[in-house]
Ligand SMILES: Nc1ncnc2c1ncn2[C@@H]1O[C@H](COP(=O)(O)OP(=O)(O)OP(=O)(O)O)[C@@H](O)[C@H]1O
Ligand SMILES: Nc1ncnc2c1ncn2[C@@H]1O[C@H](COP(=O)(O)OP(=O)(O)OP(=O)(O)O)[C@@H](O)[C@H]1O
Ligand SMILES: [Mg+2]
Ligand SMILES: [Mg+2]
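Protein chains in written order, with my numbering: chain A, 416 to 1012; chain B, 151 to 481; chain C, 154 to 852; chain D, -6 to 299.
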């Protein structure tokens, strides 16, 4: 705060306030507070205060560079920026309470959960009123309507249409800055193994999918595949894990009802078919002849038991799966029915995929499953648990009878990427705490692949050795620079568009990521990698001059030092009009406001 | 009841009180922390309000604060550290191996350095003004005042990266799969990994012991009783031994105190060397906001200090023939 | 036969500034079986000589030249190993401060055994037997050989060092001030013991002390050192009876003696600067007889004809005249104000049954249990009165409660019982919000001149502070300060105003301390051993100053000391204290000549005589004062009293048990005294049979 | 009028005195080559702390070093474009080094002063009053001793946004115990000295005695521990920053090291490691060397001979 630059004397039309405060513009049911934690008010003719922009450099090593890029864009518009590099946990802590963000712009990455690639809901539904994750207080009546509708539309084609429209609206409205989808970069040893499967958001080596591990074929006698990782599993209790490495790594032991291919197609797993039979009823056929690793047979009872125990003890990592389920009925040994609480479009595309089914005979006598750490987790998955030593290593060995090891089945699911052969015997995850050491181990042959994200420089360095190659895969998890919509400035669509045109993501990707990222056309959070992507969204091309013209036309001015000022006089009246709740998604001409330049 | 016993009782009471207060402070600080380990889940949009509340209830976070406090106290003081939120395991099961890894690194290092540096320090103090003295003072001042992680980084760069004599990180080579403690710690591989952090720890601590021993001997060197020893015809070495024996007590006390601070002192060392010890685990747990684990780790560290303080006082009172055990010889 | 021959010994100390020439061309010889004394003021180089002999000089000290012949060998030319063989085997050492000379973490017995093992190849048990034997010889309980030094009292520790010195029956024992810091009574006992044993073993003794009296009583020959030079040497009889060197005369003059009528006379000035080699006579600037010749060179020692006597003085031929002149204080620039027993004024301070009991710290547990607290009865029912213009002396052994009494009278400690009246008001009146008034009127001067001044304040601040505190004469502060400084003899005062304590000598510091006390024009002054750390001549100066103050300023003074001789000199009346009580009180002259209490008698008899021709009978007291916590019933002195009878154990005698108004004593069996103590007291002491030769010093 | 000139005179003599003290210190330090070297390092460091950010050729964070062809120079060894090389995102190491001196200086100076001042006050009060005040304060130091510094600091910094003043405060809050204990034991012995009793005897109040008689005599040791406090604070700050709990908005030496370490470039980018590492090591060591030289003078027991 305090005055910067030369403000004009406020000159306001009748009935228009001189200053507009930061405030909640709607009655948010989910918000329990009088005023937003951010205070960035607008005053007629005043030079803009330093604009708070927050990020966490712990988020991604290049995050600060990204923030600097945004800062440069704002600088070009004449807006001074206050960069706030916050500890990651504090950045996230804001979302614990839904009061809203503490900065005008707040950037963070989304994790590449497979769920996010399979269904548009995780990334889109947070833009609706009522979502706990809507901490930027964004609201667009049309979008609200579309999204609510698509969430209940179980017809695929119809839903795709709705989702496409939603993307258009969001991009056109500049609901956030969707700057880029960073690639997953890593390095692997190709002399020893063939058949790495590139899965979006996961690359060939991370743990969200098992494709690489079931598809790999040895080029030497050694059939043990060693993956170096930098985060360790914390427990052997998958369903009640807090979402760390164990939630992913342990899925190697278990199967879901369905699975997703590298093209993000849904394929059968423990369920072989089925689907909606009514608005809120889903019936599934289960795979026959499947055995738990301890030899017991898998039946529909296990599925029913799993859902019920999850519900009773609130399994945190399986919430997306069981959340809409009201009850489960066993229709036969290998047939179940789910009764849902509401119609849920994503049930078959997202929720049942990679859901973890537990063996009833193992878990039914456990007192408190959330505090249970099985000695030896038993699942039906492609790998059987071997050993685990916390912080050091985790080993699992091939479950030979598993369908994924069937070369033909894999050929169907993986297409070109499928390899035939004896496959691997064991997977071992080894914890190497430091990237330097990871690279060293890969080069020395102590490990076969690196299971974490590398920077391009690091990957290049690793690839210096024989047989080591840098690999990268695209991701569907965007970097989301959220705009706080309680702030008057952000509510001005003219400003948002100018901002979108001032931020040069592509330049950033070239300079600092060496091209290892995808820059979306416009502010569309749904990546081209997914099946829900709409390529025809509005793209406000980068052009600083034009951005400044837009601002000028909207009535903004600059002082002698080039500092941006809020509109004054008539233009101020127009500004105040634009930021009213019913107008925030409308441009100047839609409101029939003149050109103030 | 002898005087000594009475003194012991008093010190014990103080220690218990201190433990209680320290533990309470830890509790307060932890409760002040915003957020929780479930944040990541919430941010991902997977949980609704109700489910969050259920999870909180599961870990007792919904109870009134005083009740949480009472539960916390009773469990800590009975060494039931509870369940790690992230690890779904008893905290002790997580910490025990870490604790052992830390001890295996630090105790031998401390003992070695205490013996070696004290001897060198005594010798240096005896030969005051000699080159050896000057050199040992400069080098140990350097080693003890430089933050340990910097020394460690230098050593890693020189010995691991450039000379490639020893590995830079970890406790054993990454593909090793030892069974049980004996197998883990009694192997060439372990020794190989042990060398660098051990050396750095030894060097880091050497300064205090060396200076303490040196100052002690310098102080004693001009003393009357040594003059009498000299007059009796004792050789230089015998005199040095007497001077050394007379400066033992502060060294012993300091050793005990250091022993108590051992875990906290070398958090940085463990982080730099990726040594899977309790210090590194604590840093991780703090980052992951795993309350029960943090609580237990900090508690163990505090307890170690308190016990070491107690031990130091008792040893002091026990070994110093001149100390009066009547009063609070603590400060 | 000559045992030790020191020839032209010169020792310097290297320091950060200039070197210190501590010993300059000192020569002397000690024959077998002879007791040799080395005397001189502090800093004269006595210890340095001893350390040079033993090769124990600190790192910065070097023997520049000279030889030390011992048994035909030159000690300065020996290798380390050769010297180690001689040490203790042939030359043993009793160090200056026994308190710190024993290794605190080794049992006393082991320390002695260590000396034996180092030189003799004997078994452990043999060595232990010898240690027990030695303990017995020096009068310690042989069962305590496994005790650590801190478990012994100062006097006992000194005995341990003596036992150690005797362990190998050496040819020569060097004792460096073996009794400094000890009580008269203990000192007397130790000296007696050394002599007795040394006589038995027929070894030689080099005794270093600044107490001429001790040497007079114990030695055959002596050297007087000053500024690192031998001023005079020869047989004790010759040197001390007929000194030929002005320094010796001055030194002798400045020792007060109990039964001497004359006041002692101090040598003015201060010891020489040793930062350069002496070019003039080292004593020149203080010597009243100095001539031009004296400024030109330091005189060589001259053998006086026909006698075992040498003196280093240019005017040695005029010795007899000088001696005469030296007896007159005016020679030393000190006006002889004669004995002006001024009239004493009205009573200013009075105590009645004053008590100060310290509660012994007790563990909480015992307090809860309601166990009775133990008390240290440091002051236990003292009744005294002091008048204006009067000096009341308080004497007693260490730990008898003198300081506590002083501090209680100054209300620095709260009395736990009894009455204290000052200036007509009871002490409660002052405690009730009138402390400042009391603090202004009553001042106290402490024992340690080196420690009683804040090292970080200048003299101006130091002396001015009480004025600031009491807002007294603040408008003319500077004048008040100057006046007071001149009153205590620091002239010209301006020179001292901006000096810090460390720039002052001990005597000057103590004067500043007195000035600090006087600047408020007090009515009452308490002096707690103000002179005990000072050199003889400084001590005399201070005593004269205080005496003068009492006479001219009309203030009452309490003077506390364990040094009876100086008390006799300064006081009008004397109180003798024992275990918190006054056991005898009265006019100085009467107590000095006719002590009534046996304790007073033994105190008096313990003081050494500086005249070697006078014989003294020792009254050796058995044991040490009892623990003030568990006082025996009855007379507190009974356990040590040579005359104690059953009645003494029954009830405690009151102070007016014996004597009259001007001389009272708390004793059922007062000495009938006519000057000398009864001889039977000595034989009553069975542990220390009077040795045959106590009184046969020299011939 | 005369009082006026007098006061002036007093002032001059005081300034003179001060100057002499300073000169004496300098002369004293000159004599100990180690301490003298340390002093030069400290002076350089203070200079850097004050002017480093202005000397830096570029903005340490915002400026990206680019090569001739306009591409970002990432992780390049020292060259004409960047004398100390660049970081993995093309930042100028020299500029970061220069700018990083300031937070190090701020925390060191104020952390040290805070530590010294707090410890000194507690030590003096506790030692002087004794009794329950002493018992209370000493138990408090025991408590801060038993609350391990590193973990507690980490905890506090996770829930308060780390900024340089907060870090300074935390450091001072945990480190004061060291000087407090030493000063206290020193006061215990000063308190027993006769001039303190003597001050009381002449009617000085407790406050006066404490201020004029006790405190000045333990001041040297207080100063010494303030100096050590500076070194501790610098080391502590660097350690916290290295663990990722430093002030994220400021480039500090500790944070630079964190970035090399965390980015896994330690093996290659020696030019990025050495400046901050040597900077920290040099400054902490220097302070200790100077402190030690003083200790030899202050501690009469070590002084015994020579
Ligand atoms: N280690 C030393 N370094 C420098 N000067 C010293 C040293 N030891 C003694 N001196 C000086 O040498 C002179 C003689 O000292 P010495 O101790 O021999 O005197 P002394 O006669 O034994 O005195 P005292 O009666 O006080 O024991 C003194 O001026 C003293 O200050
Ligand atoms: N503060 C105190 N608490 C407990 N006991 C004390 C205290 N001060 C003195 N005493 C005890 O009181 C007794 C008398 O001590 P005081 O200091 O008055 O003796 P003194 O005659 O002055 O001895 P010295 O000649 O050694 O100075 C001693 O036994 C001493 O231990
Ligand atoms: Mg001496
Ligand atoms: Mg006394």
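Note that beta-carbon positions come from the ideal geometry of N, C-alpha and C, so glycine has one too. Because the structure is a prediction, the values reported are computed rather than measured.
For residue 386 of chain C, is the beta carbon positioned less than 8 Å from some heavy atom of ligand 1? Because no heavy atom of ligand 1 lies under 8 Å away, the Cβ of residue 386 of chain C does not count as near it: no.
Can you tell me whether residue 827 of chain C is buried or exposed, with buried defined as 16 or more other CB within 10 angstroms of its CB? Because the pLDDT of residue 827 of chain C is 46, which lies under 50, any placement of that residue in the model is unreliable, and the number read from its coordinates should be weighed accordingly. With a threshold of 16 other beta carbon atoms within 10 Å, residue 827 of chain C falls short and is exposed.
Under a CB-based cut-off of 9 Å, is residue 302 of chain B close to chain A? Residue 302 of chain B does not count as touching chain A.
First through last residue of the beta strand (DSSP E) which encompasses residue 680 of chain C: Residue 680 of chain C -> beta strand (DSSP E) spans 677 to 681.
With DSSP run on the structure shown, which of helix, strand or coil describes residue 469 of chain B? DSSP places residue 469 of chain B in helix when its eight states are reduced to three.
Mind checking residue 434 of chain A: buried by the 16 CB within 10 Å criterion, or exposed? By the beta-carbon neighbour count (other beta carbons within 10 angstroms, threshold 16), residue 434 of chain A is exposed.
Does at least one heavy atom of ligand 1 sit under 8 Å from the Cβ of residue 378 of chain C? At least one heavy atom of ligand 1 is found less than 8 Å from the C-beta of residue 378 of chain C.
Are the beta-carbon atoms of residue 183 of chain C and residue 374 of chain C separated by less than 9 Å? Cβ distance < 9 Å, so residue 183 of chain C and residue 374 of chain C count as in contact.
Ignore the nearest five residues each way along the sequence and tell me which others in residue 271 of chain B's own chain have a CB closer than 6 Å to its CB. Closer than 6 Å at Cβ, skipping near neighbours: 360, 363, 364.
Which residues have a Cβ closer than 6 Å to any heavy atom of ligand 1, listed in chain order? Each of C:166, C:168, C:173, C:175, C:193, C:195, C:196, C:197, C:198, C:199, C:200, C:201, C:211, C:213, C:214, C:363, C:427, D:298 has a C-beta closer than 6 Å to some heavy atom of ligand 1; these make up the full list, in chain order.
Unbroken alpha helix (DSSP H) run spanning residue 32 of chain D, endpoints: Taken as a continuous stretch (DSSP letters only), the alpha helix (DSSP H) holding residue 32 of chain D covers 26 to 48.
By a C-beta neighbour count over all protein chains shown, 10 Å radius and 16 as the cutoff for buried, is residue 1011 of chain A buried or exposed? Flag for residue 1011 of chain A reads buried.
With a threshold of 8 Å, are at least 3 pairs of Cβ atoms found where one atom belongs to the region 276 to 295 of chain B and the other to the region 255 to 264 of chain D? Taking one beta carbon from each stretch, the region 276 to 295 of chain B and the region 255 to 264 of chain D have fewer than 3 pairs nearer than 8 Å; the two do not touch.
I'd like to know whether the C-beta of residue 426 of chain B is nearer than 9 Å to at least one C-beta of chain A. It does; some Cβ of chain A falls within 9 Å.
First and last residue of the alpha helix (DSSP H) that includes residue 162 of chain C? Under the DSSP assignment, residue 162 of chain C falls outside any alpha helix (DSSP H), being part of the beta strand (DSSP E) whose first and last residues are 155 to 166.
Does DSSP put residue 530 of chain C in a helix, in a strand, or in coil? Residue 530 of chain C falls in the strand class under three-state DSSP.
Confirm, please, whether the CB-CB distance from residue 969 of chain A to residue 986 of chain A is below 9 Å. Residue 986 of chain A is a Cβ neighbour of residue 969 of chain A, given a cutoff of 9 Å.
Please list the residues of the region 235 to 268 of chain B that have a C-beta atom closer than 9 Å to any C-beta atom in chain A, keeping them in chain order. Answer set for the region 235 to 268 of chain B: 235, 236, 237, 238, 239, 240, 243, 244, 247, 248.
Integer-rounded CB distance, given that residue 465 of chain C should sit under 8 Å from residue 448 of chain C: Wrong, their Cβ atoms sit about 15 Å apart, outside the cutoff.
Residue 290 of chain D versus residue 169 of chain C: straight-line alpha-carbon distance, rounded: Each residue's Cα considered, the two are about 13 Å apart.
Considering residue 290 of chain B, what are the terminal residues of the alpha helix (DSSP H) in which it resides? Its alpha helix (DSSP H) spans residues 281 to 295.
Members of the region 472 to 499 of chain A near chain D, C-beta cut-off 8 Å: For the region 472 to 499 of chain A, which is checked against every Cβ of chain D, the residues closer than 8 Å are 472, 473, 476, 477, 479, 480, 483, 486, 498, 499.
Given this structure, state the Cα-to-Cα distance separating residue 233 of chain D from residue 155 of chain D, to the nearest angstrom. Distance between the alpha carbons of residue 233 of chain D and residue 155 of chain D: 10 Å.
Got a sec: does ligand 6 put a non-hydrogen atom nearer than 8 Å to the Cβ of residue 459 of chain B? In the structure shown, ligand 6 is absent; the only ligands present are ligand 1, ligand 2, ligand 3 and ligand 4.
Under 9 Å between the Cβ atoms of residue 731 of chain C and residue 471 of chain C? Not in contact: residue 731 of chain C and residue 471 of chain C (Cβ atoms no closer than 9 Å).
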